[in-house]
Structures are given as C-alpha cells and as structure tokens.
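Chemist: Numbering (my numbering), first residue to last: 1408 to 1869.
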C-alpha cells in the first residue's frame, strides 16, 4: 500500500513528499495490499498560494527560505532507501533561494528513487494587473537562469507550472528540451518576446494547459505523440489561437474564451487538424459565439470518435439551432450538454466599458447562423440531452424537438434550472421561467411533444 508522508511549509510555498512504504508487519503474499495500513503526516499547510495580493517582498524571501530549509531537512537527511518517492512536489518563488532548492531536488533525484516530481514556480506579483511588461521579462530571465543552473532537477520533472513570464523566442523550446520527462505543463499569463508564436514539441507531454497567455502568433502544437488532454483558455490573437499538428492520442479538448469584436470565428476542423477527439468542452463565457458551424464533411476527421460535447455559458440572447451542427457532424455522439446562462456577476454591462474593452456590439450569435438539420437526417447514437438554464420559452421547445426528431435512440432529456453560483451566494433570479409545479412541468412536456407520441423521458432535476 502507498503510505503518503507529507511535509509542508507555509501557505505560500511548500514541499510535499509522498513515499511508498510497507510496514514491517505487512504479511507477504496475496493479501498484502489489503492489510497494509495508510499513514499520513503533515507539517504546516500546502496551498497554491492563490492570494498574494498582500504579500510583501519580505514575505516572499521568508517563504522561500522556509521552503529551502524544509527541503534540505527532509531530503538531504533522508538515507538511501529501497522505497520510491512517489511524489516530490515543490512550490517556490523565483528568487535567490530557488537555485538552492533546485540543486537539493537534483541531488535527491540522483541518489533516490523518484517517481513523479513537480515544480510550481510562482512570481512575487500576482495577476496580470500587478505585473508590468518589464516585470514579465525579468521573471522570464529569472526562470531561464534557474533552469540553466539546475538542469538535472528540471530534467527529472514530470509536472511543471509556470506563471507571469515573458521568455525570449528560443527559451521555451530549449526548456522543453531540458525537461525530457515532462508529462504535464501549465502556463498562465505567459508569452514570448517580439509577438511571435509558440511551437510545442515533446515526446512525453500528455496534458497541456494554456491559460490567459498572449502568444499573438498562436500556439503550434507541432509534435506531441502522447498528448491526451488539452485545455486552452483565453487568447488575444486575432487569428487562430492554436492548431494541432501530430497528436494521435488527443482525446479531450477544453476551450474557453470571452469573444471580443476582433476575435475571428474559429473552425474546429482547422484548429484541431487531424486529431480524433472523444470529449469536447467549449465555454463562451456568456459573450460572443466564436465557433463557426461547419458541415459533416469538414468535421468528419475530428468528430468521428466524439462521444461527449459540453457547450457552456451560451448567452441567453443566443438562439440554439446553430449547436445542431455538432449533432450532424458527430455520428457517434452519446451525450450533448448545453448550459444557457448570462453570468451577471462576471459580465461587463456598462456600454462605455464594453466599448473600451472591445466587446462586440452585435448580437452575440451573429456569424453562427446555420441552415439547420436536413428533414431526413437521423442520428443513431445520441442517448442523453442535458440543458442547464432551461426556460419555458419557444427557442428551447424548438431546439429540443429538433433533437428528438433526429435522435432515434434518445433515452432521456434532462432540463435543469439556471446554475447557482454557490461560491458567491448568487441565487436564480425571480424572473426564471423554469417549471416548478407538476402542472407547469406537464405543460412543458405537452409543448415539447406537440401531440407526438415520443417515447423519451423528460426530467426536471431542478
């Protein structure tokens, strides 16, 4: 059995050490894994350090010093062991002590058995609002110096999280080349100098997250033979934000963006290339639709194995008919989930502010027009339709009927109310047209069925 042993420092940075170790009393033989107990020991706390808004430079120095002290105490004093360190996770700030921490980790990798290892590298200023361009460039140079000083540590990493960096053009490819074991990469608010593109090539990378980065030339996922999961959130480019090259194992893609007036309509067949995905998640953040409906011929390659599609935060002012291009283009789709919601807590509504930030002044689904399903089109694999934010309105009735007429094996339709924002105690507005009473639900069913005898269950989970 795995016995996690966790050693941590402060809420800002820390060390997590998880080792596999069998108690001496563990019996040998087939029952070993069932009888061995799990033990966990932790010191302090181990958090991501999400809130650094009030952290001073002294706090940062102190946090890194504490991390260095604990890293040395826990790793340098650990005798050579037959047991593998399953997880070695270090969270630290760029700065003077970073190199010493990296060298300690490198020594451990050279003398111990280490399974997974992770660096979460933080900057002392948190968020794009607190960082100037000069700050980002300085952080990029600090990272490059850190990598050059600790190639063994970075060469042994399987997971790497970076934030708030601007690197020189050759730096990213060279860092990828040093991190030969890397399986997971997270980039937040990063870019390269001279407004160029980012090319990603790596033999081991299986999960990639690119969040609110500013690669104006886009991201070229050129050669990633083991990539399985891709998350891409937020972009400034007026062109395609990314394109997938050689990624034969890519299964799950999640794309999220606030569509602004200058953003082009994306064609999924073009940005996903020759990938054959099974799970697709698109989040429109209650703003402009940025996906261009395409025909089944264009989508045949990328949608051939698609099983689950989730379309999140479609604005309440948008029609839903355009989403049916996915049904037509994905013959093996099993589940279609749609969320219709204007997130008023996050949306900018002031007209002057919207103009200032280049929000579109046109109808949010302009450009997503689609001719609709052919009258004789039938889909033989869709079994579940889920709608979050359902309202007793014509556009919902018409959309559901279109799906029911096409999906001959549809088993269940689940109509949910608008999503609650539990973290901010935001309740569904009183103007909601979600059916509450039995009479209201029967009325909705009748309007959807429209006199037809469909054997499809319509459910109201609330």
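Cβ atoms here follow ideal geometry from the backbone N, Cα and C, with glycine treated the same way.
1. What do you reckon, are the CB atoms on residue 1696 and residue 1666 nearer than 8 Å?
2. Do you know offhand how far residue 1822's Cα is from residue 1801's?
3. Following the continuous beta strand (DSSP E) through residue 1566, name the residue where it begins and the one where it ends.
4. Quick one: Cα of residue 1480 to Cα of residue 1526, how far?
5. Going by DSSP, which residues form a beta bridge with residue 1793?
6. Using a Cβ-Cβ cutoff of less than 8 Å, which residues in the same chain neighbour residue 1487 once the five nearest sequence positions on both sides are dropped?
7. Taking the C-alpha atoms as reference points, what is the distance between residue 1779 and residue 1806?
8. Taking only heavy atoms of the ligand HEM into account, decide whether any of them is closer than 7 Å to the Cβ of residue 1466.
9. What residues match up with residue 1629 in a beta bridge as DSSP calls it?
10. Go through the segment 1675-1699 residue by residue and report every complete run of the beta strand (DSSP E) that reaches 3 residues or more, in order.
11. Per the contact definition of three or more C-beta pairs closer than 8 Å, is the segment 1618-1635 in contact with the segment 1652-1669?
12. Hey, could you find the ends of the beta strand (DSSP E) residue 1815 is sitting in?
13. By Cβ distance, which residues of its chain are closer than 6 Å to residue 1522, with the 5 residues on each side in sequence left out?
14. For the segment 1534-1616, which segments carrying the beta strand (DSSP E) assignment without a break, of at least 3 residues, lie completely within its bounds, in sequence order?
15. Check whether the segment 1788-1802 and the segment 1760-1777 touch, using three or more Cβ-Cβ pairs below 8 Å as the test.
16. Closer than 6 Å by C-beta to residue 1623: which residues in its own chain qualify, once you throw out the five before and the five after it? Chain order, please.
17. Give the DSSP-derived three-state secondary structure of residue 1482 in the structure shown.
18. Go ahead and pull the three-state DSSP assignment for residue 1802.
19. Starting from residue 1638, trace the beta strand (DSSP E) in both directions and tell me its first and last residue.
20. According to DSSP, is residue 1844 part of a helix, a strand, or is it coil?
21. Tell me where the alpha helix (DSSP H) around residue 1518 begins and ends.
22. Could you spell out the range, first to last residue, of the beta strand (DSSP E) harbouring residue 1498?
23. Whole angstroms are fine: how far does the CA of residue 1792 sit from the CA of residue 1743?
24. Give me, in chain order, the residues of the same chain whose beta-carbon lies closer than 6 Å to that of residue 1661; leave out the 5 immediate sequence neighbours on both sides.
25. Give me, in chain order, the residues of the same chain whose beta-carbon lies closer than 6 Å to that of residue 1614; leave out the 5 immediate sequence neighbours on both sides.
26. State the DSSP-derived secondary structure class of residue 1652, mapped to helix, strand or coil.
27. Count the CB pairs spanning the segment 1509-1517 and the segment 1555-1563 that are closer than 8 Å, and state whether there are at least three.
28. Figure out for me which residue from 1690, 1753, 1855 and 1732 has the closest Cα to the Cα of residue 1707.
29. So, are the CB atoms of residue 1553 and residue 1509 less than 8 Å apart?
30. Taking just the CA atoms, how far does residue 1576 sit from residue 1755?
31. How many whole angstroms separate the CB atoms of residue 1573 and residue 1607, which I take to be in contact at a CB cut-off of 8 Å?
32. I'd like the span of the alpha helix (DSSP H) that includes residue 1755, first residue to last.
33. Leaving aside the five residues before and after residue 1496 along the sequence, list all residues of the same chain whose C-beta is less than 6 Å from its C-beta, in chain order.
34. Please return the same chain residues whose Cβ sits closer than 7 Å to the Cβ of residue 1857, not counting the five positions on each side in sequence.
35. Mind checking which residues open and close the beta strand (DSSP E) that includes residue 1716?
36. Taking the continuous alpha helix (DSSP H) assigned at residue 1734, which residues delimit it?
Modeler: With the structure as the only source:
1. yes
2. 14 Å
3. 1566-1574
4. 18 Å
5. 1744 and 1821
6. 1518 and 1519
7. 10 Å
8. Looking at this structure, you won't find the ligand HEM or any other ligand, since it has none at all.
9. Answer is none; residue 1629 lacks a bridge partner.
10. 1686-1690
11. yes
12. Note, residue 1815: premise wrong, no beta strand (DSSP E); not H, not E.
13. 1491 and 1493
14. 1566-1574, 1591-1599 and 1605-1608
15. no
16. 1602 and 1644
17. helix
18. helix
19. 1636-1640
20. coil
21. 1503-1518
22. 1492-1500
23. 5 Å
24. 1638 and 1688
25. 1591 and 1636
26. strand
27. yes
28. 1732
29. yes
30. 35 Å
31. In fact, because the Cβ distance is near 17 Å, the residues do not count as touching under 8 Å.
32. Premise fails: residue 1755 is in no alpha helix (DSSP H) and is neither H nor E.
33. 1423 and 1525
34. 1808
35. 1715-1721
36. 1731-1736
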